[in-house]
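Everything in the sequence shown is counted per this note's numbering, starting at 437 for the first residue and increasing by one.
In this text, a Cβ means the ideal position worked out from N, Cα and C, and glycines have one as well.
Structure first, commentary second.
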Amino acid sequence: METRIETKCIHEGYKPQQGEPRQLPVYQSTTFSYNSSDFMGKLFDLEESGYFYTRLQNPTNDNVAAKICALEGGAAAMLTSSGQAANFFAIFNICEAGDHFIASSSIYGGTYNLFGVTLKKMGIECTFVEQDLSEEELSKYFKPNTKALFGETITNPTVKVLDIEKFARVAHSHGVPLIIDNTFATPINCRPFEWGADIVVHSTTKYMDGQGVGVGGCIVDSGNFDWMAHKDKFPGLTTPDESYHGITYAEKFGKGAFITKATAQLMRDFGAIQSPQNAFYLNLGLETLHIRIERHCANALKVAQFLEAHDKIEWVHYAGLENDKYHALAKKYLPNGTCGVLCFAVKGGRDESIKFMDKLKLATIATHVADAKTCLLHPASHTHRQLTDEQLLEAGISPDLIRFSVGIENADDLIADLKQALDN
Ligand SMILES: *Cc1c(COP(=O)(O)O)cnc(C)c1O
Numbered sequence: 437m438e439t440r441i442e443t444k445c446i447h448e449g450y451k452p453q454q455g456e457p458r459q460l461p462v463y464q465s466t467t468f469s470y471n472s473s474d475f476m477g478k479l480f481d482l483e484e485s486g487y488f489y490t491r492l493q494n495p496t497n498d499n500v501a502a503k504i505c506a507l508e509g510g511a512a513a514m515l516t517s518s519g520q521a522a523n524f525f526a527i528f529n530i531c532e533a534g535d536h537f538i539a540s541s542s543i544y545g546g547t548y549n550l551f552g553v554t555l556k557k558m559g560i561e562c563t564f565v566e567q568d569l570s571e572e573e574l575s576k577y578f579k580p581n582t583k584a585l586f587g588e589t590i591t592n593p594t595v596k597v598l599d600i601e602k603f604a605r606v607a608h609s610h611g612v613p614l615i616i617d618n619t620f621a622t623p624i625n626c627r628p629f630e631w632g633a634d635i636v637v638h639s640t641t642k643y644m645d646g647q648g649v650g651v652g653g654c655i656v657d658s659g660n661f662d663w664m665a666h667k668d669k670f671p672g673l674t675t676p677d678e679s680y681h682g683i684t685y686a687e688k689f690g691k692g693a694f695i696t697k698a699t700a701q702l703m704r705d706f707g708a709i710q711s712p713q714n715a716f717y718l719n720l721g722l723e724t725l726h727i728r729i730e731r732h733c734a735n736a737l738k739v740a741q742f743l744e745a746h747d748k749i750e751w752v753h754y755a756g757l758e759n760d761k762y763h764a765l766a767k768k769y770l771p772n773g774t775c776g777v778l779c780f781a782v783k784g785g786r787d788e789s790i791k792f793m794d795k796l797k798l799a800t801i802a803t804h805v806a807d808a809k810t811c812l813l814h815p816a817s818h819t820h821r822q823l824t825d826e827q828l829l830e831a832g833i834s835p836d837l838i839r840f841s842v843g844i845e846n847a848d849d850l851i852a853d854l855k856q857a858l859d860n
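Written out as structure tokens, the structure is:
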């Protein structure tokens, strides 16, 4: 039966049969038993599908991945141990030493470092681009060895909204897939595949988990990118894998090729699996994602409007605000709301911002975003403290920027807290 997204949050993924547990069981097992040696051999050859070792796949994880896959409208999905692992796998599944890819410069700091520093050590080069550039300007960065384009639906921490269709057109005109990190929007508010993205990644640590319980990630493939049409660019998918008995993923697995390869090669070799227990918690989070996101957005808009009107506030960035630079893009891609994260600065610069933060009583200072409890962070003193003011500005983060993650408390209480901290 075709269902709406709220129903998918509850019923997709695990579908109990007659007499089976109603809630998703935790398959707390490293291994799976067989009584036929021949069948087990076929599993290893990917001739049969089934479980054999949790480093590669586990039924609890696969049920949760299937739910996220349904929410995004994808063809195949896998969980990873973290959002970082998801982003690493998404790139490394199609890029190898000597390859190049392009990413928006306004992305999460951890991803920026992974792409710019760690992948570079592996011989993969990333060019960071200003995401608001025109198609013509973006096209100039493509080279013959470019293999992917990457951006975030809503950027962390600067909460810019990406023009996904523009990015998809540029990527496809150069024969490469568009990879979108949809962590902040979640599939409740935006489904990037509907706008031309090919692969979606998530840090499930954020809204999907929603309670700050478990670190995790997910990769979803739309199955829409035609690897065989660009055979020479993606040999890992379009030529035989000698480490897997000569299987050619794109031929044998069709729409499941990308995820099968990432599981069979990358999960096998790097082992960045999510623990089944964490996948179980993630599933509980997903069951309430749709109602939490609605409240996060409603609260964040109220908080943004309060801050915008306050005379001690220098600026507020929240695409839900009508005069925000990204409001038009938000209306197009996120018509039901953006997310619960916003950023702002207190008049007086860096020092005043820090003094203000210490006066808050409800909102706590935490290296986290996007869960039920309101929290905040000053990137210049915390996550990005090794950078000089100049380097911060290069990364698009002004030294006075406060990232404020609005939770699902009563909005009036949050506003009262902000008010006392600003007015005292
Ligand atoms: C947090 C975050 C990540 C990294 O995820 P982890 O689960 O912390 O590894 C990646 N992308 C975005 C947008 C994030 O917010």
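Through-space distance from I635 to E826, alpha-carbon basis: Translated into the one-based positions of the sequence shown, residue 826 becomes position 390. Translated into the one-based positions of the sequence shown, residue 635 becomes position 199. Distance between the alpha carbons of E826 and I635 is about 34 Å.
Runs of beta strand (DSSP E) lying entirely within the region 780 to 833, each at least 3 residues, in chain order: Entirely contained in the region 780 to 833, the beta strand (DSSP E) runs reaching 3 residues are, in chain order, 811 to 813.
How about G546: is its Cβ closer than 6 Å to a heavy atom in ligand 1? Start at 1 with the first residue of the sequence shown, and residue 546 comes out as number 110. With a cut-off of 6 Å, the C-beta of G546 is classified as near ligand 1, since at least one heavy atom of the ligand falls inside that distance.
Pull up the distance between the alpha-carbon of S469 and that of F488, whole angstroms please. As a position in the sequence shown, residue 469 is number 33, starting the count at 1. As a position in the sequence shown, residue 488 is number 52, starting the count at 1. The straight-line gap separating the alpha-carbon atoms of S469 and F488 is approximately 7 Å.
Between which two residues does the beta strand (DSSP E) harbouring C654 extend? By one-based count along the sequence shown, residue 654 stands at place 218. Run containing C654: G653 to D657, per the beta strand (DSSP E) assignment.
Proximal residues to A802 (C-beta, below 6 Å), its chain only, five neighbours per side dropped: Locating residue 802 in the sequence shown gives position 366, where the first residue counts as 1. If we look at A802 and ignore the five residues flanking it on each side, its Cβ neighbours are C811.
Check the C-beta distance from A539 over to I590 and give it rounded, since I have them as a contact under 8 Å. Within the sequence shown, residue 539 is the residue found at index 103, counting from 1. Within the sequence shown, residue 590 is the residue found at index 154, counting from 1. About 15 Å separates the CB atoms of A539 and I590; that is not less than 8 Å, and the two are not in contact.
Would the beta-carbon of G519 be found less than 6 Å away from any heavy atom of ligand 1? Looking up residue 519 in the sequence shown gives position 83. Checking the Cβ of G519 against ligand 1 gives yes.
Which first and last residues belong to the alpha helix (DSSP H) in which V649 is found? Working through the sequence shown from its first residue, we reach residue 649 at position 213. Taken as a continuous stretch (DSSP letters only), V649 belongs to no alpha helix (DSSP H), as it is neither H nor E.
Which full runs of the alpha helix (DSSP H) of 4+ residues lie inside the region 575 to 651, going along the chain? Restricting attention to alpha helix (DSSP H) runs no shorter than 4 residues, the region 575 to 651 encloses them at 600 to 609 and 622 to 625, ordered along the chain.
My guess is that N719 and V500 are in contact by the Cβ rule of under 8 Å, so how many angstroms apart are they, rounded? Along the sequence shown, read from residue 1 onward, the residue named residue 719 stands at position 283. Along the sequence shown, read from residue 1 onward, the residue named residue 500 stands at position 64. Contact flag correct, Cβ pair sits at about 5 Å.
Check: N592 C-beta below 6 Å from any heavy atom of ligand 3: Ligand 3 is absent from the structure shown, which contains only ligand 1.
Any chance the CB of T439 is under 6 Å from a heavy atom of ligand 1? Sequence index remark: in the sequence shown, residue 439 carries index 3 (1-based). The answer is no for T439.
Residue range of the unbroken beta strand (DSSP E) whose run includes R458: In the sequence shown, the residue the question calls residue 458 occupies position 22. It is not in any beta strand (DSSP E) - R458 carries neither H nor E in the DSSP assignment.
Please confirm whether L757 and A740 have their CB atoms less than 7 Å apart. Taking the first residue of the sequence shown as position 1, residue 757 is located at position 321. Taking the first residue of the sequence shown as position 1, residue 740 is located at position 304. Result yes, Cβ atoms of L757 and A740 sit closer than 7 Å.
Are there any heavy atoms of ligand 1 lying less than 6 Å away from the beta-carbon of T516, as far as the coordinates show? For the purposes of this step, residue 516 is taken as residue 80 along the sequence shown, with counting starting at 1. Remark: the C-beta of T516 is outside contact range of ligand 1, defined as less than 6 Å to any heavy atom.
Please state whether the Cβ-Cβ distance between I527 and I624 is less than 7 Å. Reading the sequence shown from its first residue, position 91 is the one you call residue 527. Reading the sequence shown from its first residue, position 188 is the one you call residue 624. No, the pair does not count as a contact, with Cβ atoms beyond the cut-off.
Extent of the continuous alpha helix (DSSP H) run through V500: Reading the sequence shown from its first residue, position 64 is the one you call residue 500. Its alpha helix (DSSP H) spans residues P495 to E508.
The beta strand (DSSP E) spanning L515 covers which residue range? Translated into positions along the sequence shown, residue 515 becomes position 79. Its beta strand (DSSP E) spans residues A512 to T516.
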